[in-house]
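Here is the structure we will look at.
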Amino acid sequence: ATIPDALAGKDILGRGRTGSGKTLSFGLPLLSTLAGGHTEKKRPRGLILTPTRELAMQVADALQPYGDVLGLKMKVVCGGTSMGNQIYALERGVDILVATPGRLRDIIDRGAASLDKVQVAVLDEADQMADMGFLPEVTEILDQVPTGGQRLLFSATLENEIDTLVKRYLVDPVTHEVDPSAGAVTTMTHHVLVVKPKDKAPVTAAIAARKGRTIIFVRTQMGADRVAEQLLDAGVRADALHGGMTQGARTRVLEDFKGGRVNVLVATDVAARGIHVDGIDLVLNVDPAGDHKDYLHRSGRTARAGQSGTVVSLALPHQRRQIFRLMEDAGVDASRHIVGGAGAFDEDVAKITGARSLTEVQADSAANAAKQAERELANLNRELERAQRRATELREEADRLLARAARERGEDPEAAVAAAAEEAAAEAAKEEAAAAAVPEQRQTSSFERRDERGNFERRSGGFRRDDRRDDRRDDRGGDRGGFRRDDRPSGGFRRDDRRDDRRDDRG
176 ATIPDALAGK DILGRGRTGS GKTLSFGLPL LSTLAGGHTE KKRPRGLILT
226 PTRELAMQVA DALQPYGDVL GLKMKVVCGG TSMGNQIYAL ERGVDILVAT
276 PGRLRDIIDR GAASLDKVQV AVLDEADQMA DMGFLPEVTE ILDQVPTGGQ
326 RLLFSATLEN EIDTLVKRYL VDPVTHEVDP SAGAVTTMTH HVLVVKPKDK
376 APVTAAIAAR KGRTIIFVRT QMGADRVAEQ LLDAGVRADA LHGGMTQGAR
426 TRVLEDFKGG RVNVLVATDV AARGIHVDGI DLVLNVDPAG DHKDYLHRSG
476 RTARAGQSGT VVSLALPHQR RQIFRLMEDA GVDASRHIVG GAGAFDEDVA
526 KITGARSLTE VQADSAANAA KQAERELANL NRELERAQRR ATELREEADR
576 LLARAARERG EDPEAAVAAA AEEAAAEAAK EEAAAAAVPE QRQTSSFERR
626 DERGNFERRS GGFRRDDRRD DRRDDRGGDR GGFRRDDRPS GGFRRDDRRD
676 DRRDDRG
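Shown next as structure tokens:
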């Protein structure tokens, strides 16, 4: 229903959660409106603002095939990538600019772009921009867009700041309720697993080891790295995604996740807001969401485009009330389950999450480690065989050269080769004997150094407490500058002397 009104040039206010298919609902009318027109250098005719780099790239990827057919040039302008390349593209002429607010403002301030020719402006995930503090940049950018053009705004909520944007920039907008509440999605189920602090990490690993594509949410960048490393140690193919990574690293991680090379993505809220990957059937909240809006954004990674999905939140005992209040604000009904540990899942929890016991995970991890060790051993054997062949070739070459040298001197070549072989064998025997003696020499020298330093004495690789104490007694008996109780009265403190002095003074 959005597309006909957008094609008619009306301003659109779309209310829909992430994954409701709104990219094409604004993208196709935008492409249709701009098709056949002429774009000047540095002056795009279409503008799409998104809150994150990942979302900008995914919007461009979704629309680029249609733009190519219509002959429209599109460019992504976002942080973490080369500004020089972006400015160069704008100087050549770009029909549609897909941008994040911060980078676009920087480029405008440099005079590399102007918005005075923009006919259609789109704000995607406007509520996320507000949550991330981008509204000052957004208003500054929209103020530069000519009045009279078409504007489309999409947001999951219309609270305070978003309502202000609507009233300020949209003229008689047509409202479309794409999918107003994530809690109303019948294909999505919500569950809370109450775990003890000591069981949180193993439970996370057991759930992450399930079959299928999973996103795990944590609060901090360090937490994302830590959980990802723990999962890797447990044999789970996992990787972290957060704002502290370069754009190239974030793109690589997302590609690995989409391509199935990584099954589990451990992400922070800000980084994950740009993740739009189909086939995610489980969202696991290891750390609670900050508020109900963050919870809805996290939940929106699953049950996309009519698919089913599960949202599971881990709660420590003292967090239960907070999490259930958060879900009540989000309008979702969640079931509660008590978990006794990674190896004690009841049938319902195992069925909900697809979790595997920690023993199974450890068995897989050990099997993977064994396979890796076998591969390394095979590689070492191949290298050893190559080295042996090379040594044989070099020995044969040396024998040929020795025989030639003997013939040049008028000597018997076979005798020269035999003598050289005997000499080489003797030298090899000496080297083997020297190599065998090295560990014993190192051990002996180590013990001698300890004795010289006045520490304990070790014989035959062992530790003898009696010997050490004898040494310490001997040291104390000598004049080595140590503390001797018998010597203390000479310069120390004597209670009897002090009292005698005090008696004399009083007298």
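Every position in the sequence shown, counted from 1, becomes a number in this note's numbering once 175 is added.
C-beta: ideal position from N, C-alpha, C; glycine also.
Nothing here was measured: the structure is a model prediction, and the numbers come from that model.
Taking only three categories from DSSP, how would you classify ASP539?
Stepping through the sequence shown from its first residue, residue 539 is reached at position 364. In this structure, ASP539 counts as helix in the three-state DSSP scheme.
Compute the beta-carbon to beta-carbon distance between VAL370 and LEU459, rounded to the nearest angstrom, for a pair I have assumed lies under 8 Å.
Here residue 370 is taken as the residue at index 195 of the sequence shown, counted from 1. Here residue 459 is taken as the residue at index 284 of the sequence shown, counted from 1. Their Cβ separation, rounded to whole angstroms, is 12 Å, which puts VAL370 and LEU459 out of contact at 8 Å.
My assumption, with CB atoms under 8 Å, is that THR278 sits in contact with VAL252. Please give the rounded CB distance.
In the sequence shown, counting from the first residue as 1, residue 278 sits at position 103. In the sequence shown, counting from the first residue as 1, residue 252 sits at position 77. It is worth fixing the name first, because residue 278 is Arg in this sequence and not Thr. Between VAL252 and ARG278 the Cβ distance is about 5 Å, and since that is below 8 Å, they are a contact.
Which of the three DSSP states is assigned to ARG640 in this structure?
Taking the first residue of the sequence shown as 1, we reach residue 640 at position 465. Annotation note: pLDDT 45 at ARG640 (below 50); position unreliable, coordinate value reported separately. Three-state result, ARG640: helix.
Judging by CA-CA distance, which residue of ALA409, ARG473, VAL367 is the nearest neighbour of ILE390?
For the purposes of this step, residue 390 is identified with residue 215 of the sequence shown, where counting begins at 1. Residue ARG473 is the option with its Cα nearest to ILE390.
What separation, rounded to the nearest whole angstrom, lies between the Cα atoms of THR364 and GLU430?
Here the question's residue 364 lines up with position 189 in the sequence shown. Here the question's residue 430 lines up with position 255 in the sequence shown. Using only the alpha carbons, I get a separation of about 27 Å.
C-alpha gap between LEU706 and HIS467, whole angstroms:
Any question about residue 706 goes unanswered here, given that the chain covers just 176 to 682.
On the CB-based measure, 16 or more other CB atoms within 10 Å of its CB, does TYR344 come out buried or exposed?
Indexing the sequence shown from 1 puts residue 344 at position 169. Flag for TYR344 reads buried.
Candidates THR528, GLY454, PHE392, of which the one nearest ASP162 by Cα
The question about residue 162 has no answer, for the chain in this structure spans 176 to 682.
Helix, strand or coil at PHE432 according to DSSP, with G and I counted as helix:
As a first step, residue 432 is located in the sequence shown; it is residue number 257 there, counting from the start. The answer is helix: DSSP assigns PHE432 an H, G or I state.
Complete beta strand (DSSP E) runs within the segment 249-309 (minimum length 3 residues, chain order)
249-252, 271-274, 295-298
Going by C-alpha to C-alpha distance, which of ASN556, THR275, ALA525, ASN335 sits closest to ILE513?
The residue given as residue 513 occupies position 338 in the sequence shown. The option with the nearest alpha carbon to ILE513 is ALA525.
For THR421, collect the residues of the same chain with a Cβ closer than 7 Å to its Cβ; drop the 5 residues on either side in sequence, then sort them by chain order.
Here the question's residue 421 lines up with position 246 in the sequence shown. Cβ within range, chain order: GLY255.
Tell me whether the beta-carbon of ALA415 lies closer than 7 Å to the beta-carbon of ALA403.
The residue you call residue 415 lines up with position 240 of the sequence shown. The residue you call residue 403 lines up with position 228 of the sequence shown. Taking 7 Å as the Cβ cut-off, ALA415 and ALA403 qualify as a contacting pair.
Thinking C-alpha only, which one of LEU440, THR426, LEU368 is nearest GLY398?
The sequence position of residue 398 within the sequence shown is 223, counting from 1. It is LEU440 whose Cα lies nearest to the Cα of GLY398.
Give the DSSP-derived three-state secondary structure of ASP456 in the structure shown.
Locating residue 456 in the sequence shown gives position 281, counting from the first residue. ASP456: strand per DSSP, three-state reduction.
For GLY588 versus ALA578, is the C-beta distance shorter than 7 Å?
The sequence position of residue 588 within the sequence shown is 413, counting from 1. The sequence position of residue 578 within the sequence shown is 403, counting from 1. The sequence shown places Pro at residue 588, rather than the Gly named in the question. Yes; because the gap between Cβ atoms is below 7 Å, this pair is in contact.
Would you mind stating whether ARG412 and ALA530 have Cβ atoms separated by less than 7 Å?
As a position in the sequence shown, residue 412 is number 237, starting the count at 1. As a position in the sequence shown, residue 530 is number 355, starting the count at 1. Not in contact: ARG412 and ALA530 (Cβ atoms no closer than 7 Å).
Rounded separation between GLN396 and LEU290 - CA only:
As a working note, residue 396 is residue 221 in the sequence shown. As a working note, residue 290 is residue 115 in the sequence shown. The straight-line gap from Cα to Cα measures roughly 35 Å.
How long is the line joining the alpha carbons of THR322 and ARG401, rounded to whole angstroms?
Position 147 of the sequence shown, counted from the first residue, corresponds to residue 322. Position 226 of the sequence shown, counted from the first residue, corresponds to residue 401. If I take the Cα positions, the gap works out to 49 Å.
What do you get for ASP302, buried or exposed, if any count of 16 or more other CB atoms within 10 angstroms of its CB means buried?
Position 127 of the sequence shown holds residue 302. By the 10 Å Cβ count, ASP302 comes out buried.
Between ARG220 and GLN294, which are expected to be in contact by the criterion C-beta below 8 Å, what is the C-beta distance as a whole number of angstroms?
The residue given as residue 220 occupies position 45 in the sequence shown. The residue given as residue 294 occupies position 119 in the sequence shown. ARG220 to GLN294, Cβ: 5 Å. Contact.
Mind reading off the beta-carbon distance from ILE271 to ILE223? Whole number of angstroms is fine, and I expect it under 8 Å.
Position 96 of the sequence shown holds residue 271. Position 48 of the sequence shown holds residue 223. Contact flag correct, Cβ pair sits at about 7 Å.
Status (buried if at least 16 other CB within 10 Å, exposed otherwise) for GLY259:
As a first step, residue 259 is located in the sequence shown; it is residue number 84 there, counting from the start. Exposed, by the Cβ-count rule.
From THR214 to GLU266, what does the alpha carbon distance come to, in whole angstroms?
The count along the sequence shown starts at 1 and reaches residue 214 at position 39. The count along the sequence shown starts at 1 and reaches residue 266 at position 91. Taking the straight line joining both Cα atoms gives about 11 Å.
Report the rounded CA-to-CA distance for GLU352 versus VAL428, giving the unit in angstroms.
By one-based count along the sequence shown, residue 352 stands at place 177. By one-based count along the sequence shown, residue 428 stands at place 253. Those two C-alpha atoms are separated by around 33 Å.
Between the segment 235-251 and the segment 305-321, do three or more beta carbon pairs fall short of 8 Å?
no
Just to confirm, are GLY418 and VAL437 a CB contact at a threshold of 7 Å?
Numbered from 1 along the sequence shown, position 243 holds the residue referred to as residue 418. Numbered from 1 along the sequence shown, position 262 holds the residue referred to as residue 437. Against a cut-off of 7 Å, the Cβ pair of VAL437 and GLY418 comes out as no contact.
Proximity winner among THR485, ARG565, ALA296, relative to GLY387 (alpha-carbon distances):
Here residue 387 is taken as the residue at index 212 of the sequence shown, counted from 1. For GLY387, the nearest C-alpha among the options comes from THR485.
Can you find the residues in the same chain that come closer than 6 Å, C-beta to C-beta, to SER330, ignoring five residues on each side of it along the sequence?
Sequence index remark: in the sequence shown, residue 330 carries index 155 (1-based). Contacts found: ALA301, ASP302, ILE337.
Please report the Cβ distance between ILE187 and THR177, rounded to the nearest whole angstrom; I am assuming they are in contact, meaning their Cβ atoms lie under 8 Å.
The sequence position of residue 187 within the sequence shown is 12, counting from 1. The sequence position of residue 177 within the sequence shown is 2, counting from 1. With 8 Å as the limit, ILE187 and THR177 qualify as a contact, their Cβ atoms being about 6 Å apart.
Assigned secondary structure, SER200 (DSSP; H/G/I helix, E/B strand, else coil):
Along the sequence shown, read from residue 1 onward, the residue named residue 200 stands at position 25. Helix at SER200.
Under a Cβ-count criterion, where at least 16 other Cβ atoms within 10 Å of its own Cβ denotes burial, should SER257 be classed as buried or exposed?
Stepping through the sequence shown from its first residue, residue 257 is reached at position 82. So SER257 ends up on the exposed side.
Would you mind sorting THR477 into buried or exposed? The rule is 16 or more other CB atoms within 10 Å of its CB.
Along the sequence shown, read from residue 1 onward, the residue named residue 477 stands at position 302. Classification for THR477: buried.
Buried or exposed for GLY652, going by 16 or more other Cβ atoms inside 10 Å?
Here residue 652 refers to the residue found at position 477 when the sequence shown is read from its first residue. Reliability fails at GLY652, whose pLDDT of 45 lies under 50, so the model's placement of it is uncertain and the value that follows must be treated cautiously. Per the 10 Å Cβ criterion, exposed.
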